[in-house]
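Enquirer: Chains as they are written, first to last, in numbering that gives the first Met the number 0: chain A, 0 to 168; chain B, 0 to 276.
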Amino acid sequence: MKTLDRNGRHPVRFTLNGMPEEGFAEPRMLLTDFLRHEIGATGTHVACEHGVCGACTVRVGGKAVRACLMLAVQADGAEIETIEGLSEADGSFGPLQQAFHENFALQCGYCTPGFLMSLSEYLERNPDPTVEEIKVALSGNICRCTGYREIINASLDAARALRERRQQD
Amino acid sequence: MKPAPFDYVRADSVEEAVSVLAEHGDEARVLAGGQSLMPMLNMRLVRPEVLVDIGGLPELAHIEDEGDTVAVGAAVTQGDLADWPELGTALPVVAAALPHVGHFQTRNRGTVCGSICHADPSSELPLCLALLGGEVELHSAHGVRTVPADEFQRGVLTTAKEPDELAVRARLPKAQDGERFAFLEFQHRHGDFAVVAVAAKRSGDSVSLAVGGVADRPEVCRWDTLPGDAVEDALNDLAWTLGGGDDIHATARHRRQLVRHLGKRAIDATAADGAGA
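The following block contains the structure:
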């Protein structure tokens, strides 16, 4: 049994997009705030802070989850992936980013990291989804400016690009 | 918002978790997947002194086929259960209900037992537990007791679980030969809380219908026989008996209409050939 005192700042270590990271957190610190303020990985966005909007979606152990509904101390030892890990090694867009760019699937971009991190797990589980399946999969991510049609089109394009990549790799 | 300060305990066993609950009682809250508790912490609707994290306990991460029942450990996520290969044959109504539980991102962390213990009257998993007549196993420093579904959920966010008790597993009776099930719900957007959810079971001549989102907990109505021409009257009686009220999501009248409409579709689906809707 390990007890972390409310007033202490406790070490939290995990890998972020494959690289080891370390910081300190009070028990009540959310993973969102730890990523943004302790690590400085500000690509993960915070909006509703109670699990409704999906803007803060990251992958923990491969699973897409709400980073606002997780304590930083719960992430100790985990493998975490964020939007910063979606681009190619040379810094160019990865397939998900490219598809959103080409389909005008973002305007203000605030919700976009959450959409992309949700899709990055979902398209691994379902590489060839129907429009209806994408609508259900993305129902946990809210966009308030772009509109969903472009996002759905981009998701279909991204799925196609990822399938082609899998055949070529 | 951010949670108020608390001490965080990462338990390494059920015994440790139970000992913390024995010491702190209702000042402590159990954290597993956190998909109901974390929003309440963030909005400071709850301000516990101590959080006991059981999410990482391997002993609670099992789905066990016990013959006539399936035991789901307190660290098993809704996503884990949805991915369990036996789910469709062992617990068809749960397989039909799980896609309606939040979104896949919340099912990735939210636990089956957590949803049952949160006891939202419109939640799908407490509804399934009620329909199937399952039970919840509670551990405390005083020992172990098992509470049947009908006695477990008592009202809105209220259960028979005492503050010093830990729900260790939920047991769900498996589908028997000849039983047919259906699950349906009405929600304003996919992943929202159900306005009304129904789960039906037909076993021989008898029909059971569990209804969530109307009364202050899921209620089960069982008919020994329910001929096709008696269904609408029976559902009308049920809709009035459940006594739902008006709220921001729907009027009481709308809820009665949903009980009649969804109830009929679900009951009809169990009568048709096949496994139901």
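Where is the CB? At the ideal position from N, CA and C, for every residue including glycine.
In this structure, does DSSP put Glu65 (chain B) in helix, strand or coil?
Expert: DSSP, read as helix, strand or coil, puts Glu65 (chain B) in coil.
Enquirer: Using a Cβ cut-off of 8 angstroms (strictly closer), state whether Val64 (chain A) contacts chain B.
Expert: yes
Enquirer: Identify whether Thr129 (chain A) lies in helix, strand or coil by the three-state DSSP scheme.
Expert: Note: Thr129 (chain A) maps to coil in three-state DSSP.
Enquirer: Contact between the stretch 188–198 of chain B and the stretch 110–128 of chain B is defined here as three or more beta-carbon pairs at a separation below 8 angstroms; is this criterion met?
Expert: yes
Enquirer: Give every residue of the same chain whose Cβ lies closer than 6 angstroms to the Cβ of Phe151 (chain B), excluding the five residues on either side of it in the sequence, and list them in chain order.
Expert: Val135, Thr158, Ala159
Enquirer: At the level of alpha carbons, what is the spacing between Glu48 (chain B) and Cys127 (chain B)?
Expert: 33 angstroms
Enquirer: Okay, do the stretch 174–182 of chain B and the stretch 220–234 of chain B touch, 3+ Cβ pairs below 8 angstroms being the bar?
Expert: no
Enquirer: Taking a Cβ distance cut-off of 8 angstroms, strictly less, list which residues of the stretch 161–190 of chain B are near chain A, in chain order.
Expert: Arg188, His189, Gly190
Enquirer: Could you confirm whether any beta carbon from chain B is found closer than 8 angstroms to the beta carbon of Val72 (chain A)?
Expert: Yes, because at least one Cβ of chain B sits closer than 8 angstroms to the Cβ of Val72 (chain A).
Enquirer: Just tell me which of B:Thr76, B:Val51, B:Val8, B:Ala70 has its CA closest to the CA of Lys62 (chain A).
Expert: B:Thr76
Enquirer: Whose C-beta lies closer than 7 angstroms to the C-beta of Pro172 (chain B) among residues of the same chain, with five residues either side of it excluded?
Expert: Excluding residues up to 5 positions away in sequence, Asp67, Thr68, Leu131, Gly132, Gly133 lie with their Cβ nearer than 7 angstroms to the Cβ of Pro172 (chain B) in the same chain.
Enquirer: Along chain B, which residues have their Cβ under 7 angstroms away from the Cβ of Arg5 (chain A)?
Expert: Pro4, Phe5, Asp6
Enquirer: Rank A:Glu37, A:Ser117, A:Ala136 by C-alpha distance to the C-alpha of Thr81 (chain A) and give the top, closest one.
Expert: A:Ser117
Enquirer: Would you say Glu37 (chain A) lies against chain B (beta-carbon separation less than 8 angstroms)?
Expert: For Glu37 (chain A), the answer is no, since every Cβ of chain B falls outside 8 angstroms of its Cβ.
Enquirer: If you draw a straight line from the alpha carbon of Asn140 (chain A) to that of Asn152 (chain A), how long is it in whole angstroms?
Expert: C-alpha separation (whole angstroms): 15 angstroms.
Enquirer: Using only the alpha-carbon positions, how far apart do Gly4 (chain A) and Asp75 (chain A) sit?
Expert: The sequence shown places Asp at residue 4 (chain A), not Gly. Distance between the alpha carbons of Asp4 (chain A) and Asp75 (chain A) is about 16 angstroms.
Enquirer: Taking only the alpha-carbon atoms, compute the straight-line gap between Ala274 (chain B) and Ser207 (chain B) and give it to the nearest angstrom.
Expert: Interpretation of Ala274 (chain B) is limited by its pLDDT of 42, a score under 50 that renders its predicted location unreliable; the figure taken from the coordinates is listed afterwards. Each residue's alpha carbon lies about 15 angstroms from the other.
Enquirer: Could you pull out every residue in the same chain whose Cβ sits closer than 7 angstroms to the Cβ of His23 (chain B), ignoring the five residues on either side in sequence?
Expert: Glu48, Val49
Enquirer: Would you say Thr129 (chain A) lies against chain B (beta-carbon separation less than 8 angstroms)?
Expert: no
Enquirer: Under 6 angstroms Cβ to Cβ from Ala54 (chain A), same chain only, skipping five residues before and after it: list those, please.
Expert: His44, Ala46, Cys110, Gly113
Enquirer: I need the straight-line Cα distance from Asp149 (chain B) to Ala270 (chain B), nearest angstrom please.
Expert: Asp149 (chain B) and Ala270 (chain B) have their C-alpha atoms some 26 angstroms from each other.
Enquirer: In three-state terms, what does DSSP make of Phe114 (chain A)?
Expert: helix
Enquirer: Quick check: what's the CA-CA separation for His102 (chain B) versus Arg264 (chain B)?
Expert: Cα atoms of His102 (chain B) and Arg264 (chain B): separation of roughly 24 angstroms, rounded to the nearest angstrom.
Enquirer: Report yes or no: do three or more beta-carbon pairs, one from the stretch 13–20 of chain B and one from the stretch 140–149 of chain A, lie closer than 8 angstroms?
Expert: no
Enquirer: Could you tell me which chain A residues have their CB closer than 9 angstroms to the CB of Asp52 (chain B), listed as they occur along the chain?
Expert: Leu70, Val72, Gln73
Enquirer: In the DSSP assignment, what are the bridge partners of Arg152 (chain B)?
Expert: The question names Arg, but residue 152 (chain B) is Gln in the sequence shown. In the DSSP output, where bridge partners are listed per residue, Gln152 (chain B) has B:Thr158.
Enquirer: Is there a C-beta anywhere in chain B that falls below 8 angstroms from the one on Leu95 (chain A)?
Expert: Chain B places no beta carbon closer than 8 angstroms to that of Leu95 (chain A), leaving this residue out of the contacts.
Enquirer: Quick one, which of A:Thr31, A:His49, A:Glu48 has its alpha-carbon nearest Gln73 (chain A)'s?
Expert: A:Thr31
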